[in-house]
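Protein sequences appear in the order of chains H and U.
FYI, in this note's numbering the residues of the first sequence are 710 to 1065.
FYI, in this note's numbering the residues of the second sequence are 710 to 1065.
Below: one structure, written as structure tokens.
Protein chains: 2
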Amino acid sequence: MKLWEANIRKVVPYVPGEQPGEQRVIKLNTNENPYPPAPGVVESMYAFDTDRLRLYPDPEAGILVRALAKRYRVKPEQVFVGVGSDDVLAMAFLTFFNSDKPILFPDITYSFYDVWAELFRIPYRTVPLDERFRICAGDYDIPNGGVVFANPNAPTGELESLTDIEHILRHNEDVIVIVDEAYIDFGGTSALQLLGRYENLLVVQTFSKSRSLAGMRIGYAFGSQTLIQYLNDVKYSFNSYTMNQVTLTAGAAALEEESYFKKTIHKIIATRERVKEEFQKLGFVFGDSRSNFLFVTHPNIHAKELFEALKKEHIYVRYFAKPRIDNYLRITIGTDEEMDVLLDFLRVYLKNSDEK
Amino acid sequence: MKLWEANIRKVVPYVPGEQPGEQRVIKLNTNENPYPPAPGVVESMYAFDTDRLRLYPDPEAGILVRALAKRYRVKPEQVFVGVGSDDVLAMAFLTFFNSDKPILFPDITYSFYDVWAELFRIPYRTVPLDERFRICAGDYDIPNGGVVFANPNAPTGELESLTDIEHILRHNEDVIVIVDEAYIDFGGTSALQLLGRYENLLVVQTFSKSRSLAGMRIGYAFGSQTLIQYLNDVKYSFNSYTMNQVTLTAGAAALEEESYFKKTIHKIIATRERVKEEFQKLGFVFGDSRSNFLFVTHPNIHAKELFEALKKEHIYVRYFAKPRIDNYLRITIGTDEEMDVLLDFLRVYLKNSDEK
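This is the structure in structure tokens:
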């Protein structure tokens, strides 16, 4: 090792799901929306005055912040925006988790939490989910430097009640509690309604899943004005202009398209519930996902084997070689047609392995 | 202060130049390019398949990284990209500056360096520029945790020679040396040609100035494969997908437009040299800027007064209330027409104050 390598921050980075180069794949591995963005988003891009690109964007991301405030009935001062919810969460970790005490999050959850903790040298402790992958709210009644959890959780899809979330908030009034709601639009109730009562609550959401804009990178957070101010101070200390002009325009346009948004969500939920029934018939075991994916295991076939078999058929799902979940697959809900191809393959594959 | 406020990272953020809301202003305050982006960029946006936005972008930013590698004749493994050069520099500070020894940078330079150092709790020490605002390369021959400087420097516009830069590199082989070349295209020679000899050199550039894409947020860095790998590890630990799909497409398209790029640069340089002559006639004192701005002072009128007078005329320039430079204005080179309006105003204003 060269001397100049001594003081480099060395990390083990998060590994995102594959983005296969081939065109003819069924991509159910990164929880993307199978439907295109709303027509208004497309129109906003074609109407965009490209000459303006020579100028810096509005550092306050005004049009998007105001559109979010209006849509979710909060003050603009309660809204923070970033380059996907990953950027929002990274900024929140950097801003809010500076205690000597460990922050707490579930042992099975979004794989980025420990990566950010390691990156920013934040002490952390994972709290085991129960055997059905549910959060036990009482487990968080211990001294800590902050709490973060996803609801619905990833990769399990399990939704916790607002009662449980409020239990966690009530027992953690001296630290920041972050509720990561990337998948909330697929059937959950947002903790947003608790905002008035808990000044230390940060609710994080994203345009990547329910609004079909993963490729545009838009995440946002709601919190008390105090919290959002601290978050913005850190953001402005990092990069004044994170959201480009096209993104701001497209994001604001997406929020105008409420009926398209609802229609898309309903289609995905309908497909999910149908697939759940079919998966049950095939012998899969899984919880009651309220997200746009299922987290499944099968008593007869190891998840890793199935993952490889599906990949050979150009069907990509997600497999995590991690403790407790290494016999599970996370399968994104695609279009009905895509799910039918998946189901047809599984029927044959499971029948063949029964006969072996 | 609430208890939950105790462990929040409190910072004094960077304050970017104003983005005035009114339309009819002459905006010479944030070093934007007065000319629109290249025609190919515009075409790439109209040709963009918006259905793809439902999918995550390529986390490796392949099309942009390859286009940069081809244009600048380096390996793709030597290229890092980010959300403007601010993002690239913030990631570089986080990755490379982890020593107990202070990092070094000039006392007068890009105002973000000390902001990042404070944000990431990096010890730092500023090294005074000489009385003509030039770097004395020998001043950096002292123990340190890393070196960063802008060339041409901001807000002075002064260009240092590759001989001086190589002196700094040769005397700092055990730390990372970052050369911030945001303005290099306006008449400087890039340190890129030293890359083969110094594995600890990082050269940072941007699409915001010379390529008229401030509104799109694209920055990049060149370094040894080792350095770029470390930088990418941290970036992937922060946010896997920072560059959205539209940005990647537009950035790659911009690099195809070499003749438009050169034409624009030449126009700006020609205007700058003409404005230098006129400023000299008006009695302003300034260095030999090689950037797209001038950094000027006047023996008879205080910069603050002139700044306010210009603002009243809807001409925005930049004033820094900072030690050593609080009697200077940084004036971006706009179109010839814009500079003529500025010059006309200054001629009258200076004449009137002479008569007082």
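Virtual Cβ for every residue (Gly too), placed ideally from N, Cα, C.
Source: prediction; values computed, not measured.
To the nearest angstrom, report how far apart U/I927 and U/S820 are at their CA atoms. 19 Å
For H/E867, I'd like the list of residues in its chain whose CB is within less than 7 Å of its CB, leaving aside the five on either flank, ordered along the chain. F842, R843, P861, G996
Residues of the region 1026 to 1046 of chain H with Cβ closer than 9 Å to any Cβ of chain U, in chain order: none
Just to make sure I have the definition right: I need the residues of chain U whose C-beta is within less than 9 Å of the C-beta of H/K711. Which are they? E882, D883, E908, N909, T935
Check for me: the beta strand (DSSP E) holding U/R1039 runs from which residue to which? 1038 to 1041
Could you spell out where the alpha helix (DSSP H) holding H/T739 opens and where it closes? That residue, H/T739, is in no alpha helix (DSSP H); it is neither H nor E in DSSP.
If we cut at 8 Å on Cβ distances, does U/T951 have a partner in chain H? yes
Please report whether the beta-carbon of U/D850 lies at a distance below 8 Å from any beta-carbon of chain H. no
Short of 8 Å Cβ to Cβ, which residues in the region 737 to 750 of chain U face chain H? T739, E741, N742, P743, Y744, P745, P746, V750
At what residue ranges does the region 802 to 890 of chain U contain a whole run of the beta strand (DSSP E), taking only runs of 3 or more? 812 to 815, 833 to 836, 856 to 859, 886 to 889
Counting only the same chain and skipping the five closest in sequence on each side, list residues whose C-beta sits under 6 Å from that of H/G847. none
In terms of DSSP beta bridges, what is H/Y929 paired with? H/V790, H/Q914
What do you get for U/A715, buried or exposed, if any count of 16 or more other CB atoms within 10 angstroms of its CB means buried? exposed
Starting from the C-beta of H/A962, find all residues in its chain whose C-beta is less than 8 Å away, skip the five residues before and the five after it, and write them out in chain order. A747, G749, V750, E752, S753
Within the continuous alpha helix (DSSP H) that includes H/Y1006, where are the two ends? Per the sequence shown, the amino acid found at residue 1006 of chain H is Thr instead of Tyr. H/T1006 -> not in any alpha helix (DSSP H); beta strand (DSSP E) instead, spanning 1002 to 1006.
Taking the DSSP output, what are the residues bridged to U/Y945? Answer is none; U/Y945 lacks a bridge partner.
What's the gap between the Cα of U/D839 and the Cα of H/V724? 47 Å
Using the DSSP secondary-structure output, state which residues sit across from U/R1027 in a beta bridge. U/R1039
If you compare alpha carbons, which of U/K711, U/V720, U/W713, U/L712 is closest to H/S946? U/V720
Boundaries (first-last residue) of the alpha helix (DSSP H) holding H/I1011: According to the sequence shown, residue 1011 of chain H is His rather than Ile. Element bounds for H/H1011: n/a, residue is neither H nor E.
Alpha helix (DSSP H) segment containing U/Y781, residue limits: 771 to 781
How far does the alpha helix (DSSP H) with H/I977 in it reach, from first residue to last? 967 to 990
Measuring only the C-alpha atoms, how far is H/K779 from U/R920? 36 Å
H/V774 burial status per 10 Å Cβ neighbour count (16 or more: buried): buried
Quick one: what's got a C-beta closer than 7 Å to U/D1045's C-beta in the same chain, skipping five residues either side? T980
Spatial distance of H/Y969 from H/R761 (CA atoms): 29 Å
Residue of H/A923, H/L1015, H/D816 minimising C-alpha distance to H/P1032: H/D816
When you compare only the Cα positions, how much space is there between H/A826 and H/P811? 10 Å
Closer than 8 Å between beta carbons: that is the criterion. Which residues of the region 750 to 777 of chain U meet it against chain H? V750, V751, M754, Y755, F757, T759, D760, R761, L762, R763, L764, Y765, P766, D767, P768
So if I threshold CB-CB distances at 7 Å, which residues from the region 784 to 817 of chain H count as touching chain U? V792, G793, D795, D796, A799, L803, T804, F805, N807, S808
Let me check understanding here. Comparing Cα to Cα, which of U/D758, U/L1038, U/P722 lies closest to U/V1005? U/L1038
With distances taken Cα to Cα, identify the nearest neighbour of U/K990 among U/A770, U/S794, U/L1019, U/H1007. U/H1007
Identity of the residues DSSP links to H/F995 by a beta bridge: H/V1005
Would you call H/R763 buried or exposed, if buried means 16 or more other Cβ atoms sit within 10 Å of its Cβ? buried
When the Cα atoms are used, what is the spatial distance from U/R983 to H/T915? 49 Å
Out of curiosity, what's the CA-to-CA distance linking H/F988 and H/K918? 23 Å
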